[in-house]
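Residue numbers (the numbering used here): 9 to 441.
Here it is, written out as structure tokens:
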């Protein structure tokens, strides 16, 4: 069996990363027990406002988290074939459709998902909407969708204003619409589940989310200014994202604090998985779940560390909101969420800012062929003085991944374009000392 077929495992070494993975397994077992006892379970897309479910005490599974589990277990190819056998396209929204596909498997990872009663997602594009409509058709889950809106005016430097001036920045009409949609979803869930939305608990949830993301911001900034980097994205992704799926809980807030404290201790002690760091890389796109060990090869060969992913960056900049009306504040968090990570100029200028802030020497951008805005993201990063290599791939589709070919692409990119940039950066930093 080839190394590619097996997939290379995440070599995360932080205790917080390992603890988060252990917690997730225990949480999932408890969730399935609740489902077996009759509790309704929701499936929620990453860009949907999960916080209302927390306030209603409705357990939920994040669609992209479960997709990452399926991909890590090397099920993406078989699952996409299961979709094709049922007449669904297997070459669109692969990452977002793996969870549905897993329900057709007789032996899914971790025993499979519990029955899903509700699906919450923003309708970003016709294909994605159809994925969640299929949940309703195939599994009887009620699809509760949020409209995708676009701004009339844009501030490409949104991160400077988003915490407090989100009403003006995102746009009143967009926030009005999402607030009304949230109100309708809450009413529907109250009626169908018999639960009562607790506004006081909801305020606590919102406060805990802000606390959690402040720790993530401190961690992002610490990694950005520290050489050699105290961790790689193999550590940061699980330490950030598993708590992110539990936003609004004390456990998630405390996990983010522990993560920060561990990274700070490493930075203070000069510890690094690559003590001879020569090159700092960023990974633009979703995680390479079926081959997380891919990232480590370059630090062993070139002293090149992948120190940035969008997960920690977005946690630092994209979630914190302050406001008197918690429901409207939640709308202010999510009404523009796709803009921040996908749509130019919000996304393109943010990636460029993060490249500069994190002292990045080269960016590897894994982008699906149908993702809009790739060109503008790449152009903005390049304009900031950071070379970009775009590779084609999908986090939910290992069929299209040629490990050896992509590794060779990135190696050539490092040797020919990134190494000279990194040498100039190190020289500048040495002169400043």
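Ideal Cβ positions, reconstructed from N, Cα and C, are used throughout, including at glycine.
- In this structure residue 428 is exposed. Its beta-carbon is surrounded by fewer than 16 other beta-carbon atoms within 10 angstroms.
- In this structure, the CA atom of residue 32 is about 20 Å from the CA atom of residue 270.
- The beta carbon of residue 336 is closer than 7 Å to those of 183 and 187 in its chain, skipping five residues each way along the sequence.
- Secondary structure note for residue 112: it is in no alpha helix (DSSP H), with a DSSP letter that is neither H nor E.
- Annotation for residue 163: 169 and 177 place their beta carbon closer than 7 Å to its own, counting only its chain and skipping 5 residues before and after.
- Between the C-alpha atoms of residue 126 and residue 438 there is a straight-line separation of about 55 Å.
- A contact between stretches requires three or more CB pairs, one per stretch, nearer than 8 Å, and the segment 203-221 meets this requirement with the segment 258-275.
- When the alpha-carbon of residue 145 is set against those of 133, 101, 94 and 103, the nearest one is in 94.
- Taking a C-beta distance under 8 Å as the contact criterion, residue 371 and residue 400 do not qualify as a contact pair.
- The segment 270-282 makes no contact with the segment 380-391; the number of CB pairs closer than 8 Å stays below 3.
- Comparing alpha carbon positions, the residue from 352, 404 and 316 closest to residue 366 is 316.
- Residue 327 sits in coil when the DSSP states are folded into three classes, being neither helix nor strand.
- Short of 6 Å from the beta carbon of residue 59, and not among the five residues preceding or following it, lie these beta carbons of its own chain, in chain order: 213, 256 and 338.
- DSSP places residue 31 in the uninterrupted alpha helix (DSSP H) bounded by 23-44.
- Taking C-alpha positions only, residue 296 is separated from residue 192 by approximately 36 Å.
- By the C-beta criterion, the segment 195-208 is judged not to be in contact with the segment 348-356, since fewer than 3 inter-stretch pairs fall below 8 Å.
- For residue 312, the enclosing beta strand (DSSP E) stretches over residues 312-317.
- Closest option to residue 157, judged by alpha-carbon separation, among 416, 346 and 68: 346.
- Residue 433 and residue 232 have their alpha carbons spaced roughly 14 Å apart.
- Taken in chain order, the complete beta strand (DSSP E) segments of 3 residues or longer contained in the segment 110-171 are 126-131 and 150-155.
- In terms of Cβ geometry, residue 111 and residue 83 do not form a close pair [threshold 8 Å].
- If you look at residue 383, you'll find it in the alpha helix (DSSP H) that goes 382-391.
- Excluding sequence positions up to five before and after residue 268, its CB lies within less than 6 Å of the CB of 223, 226 and 227, all in the same chain and listed in chain order.
- C-alpha of residue 403 to C-alpha of residue 277: approximately 35 Å in a straight line.
- In this chain, the alpha helix (DSSP H) harbouring residue 90 covers 84-93.
- Excluding residues up to 5 positions away in sequence, 271, 272 and 275 lie with their Cβ nearer than 7 Å to the Cβ of residue 230 in the same chain.
- Residue range 334-342 is occupied by the alpha helix (DSSP H) that includes residue 336.
- Look at the beta carbons and you see the segment 95-102 not touching the segment 286-302: under three pairs across the two are nearer than 8 Å.
- For residue 230, the enclosing alpha helix (DSSP H) has its first and last residue at 207-233.
- Of all alpha-carbon atoms in 383, 322, 332 and 397, the one lying nearest the alpha-carbon of residue 361 is that of 322.
- Taking 8 Å as the upper bound for CB-CB distance, residue 123 and residue 28 are not in contact here, some 26 Å apart.
- Note on geometry: alpha-carbon atoms of residue 54 and residue 441 lie some 42 Å from one another.
- Within the DSSP bridge table, the entry for residue 398 names 373 as partners.
- For the pair residue 319 and residue 244, the CB atoms are nearer than the 8 Å cut-off.
- Of the residues 87, 39 and 141, the one whose Cα lies closest to the Cα of residue 121 is 39.
- With a cutoff of 8 Å on beta-carbon distance, residue 167 and residue 325 are scored as near each other.
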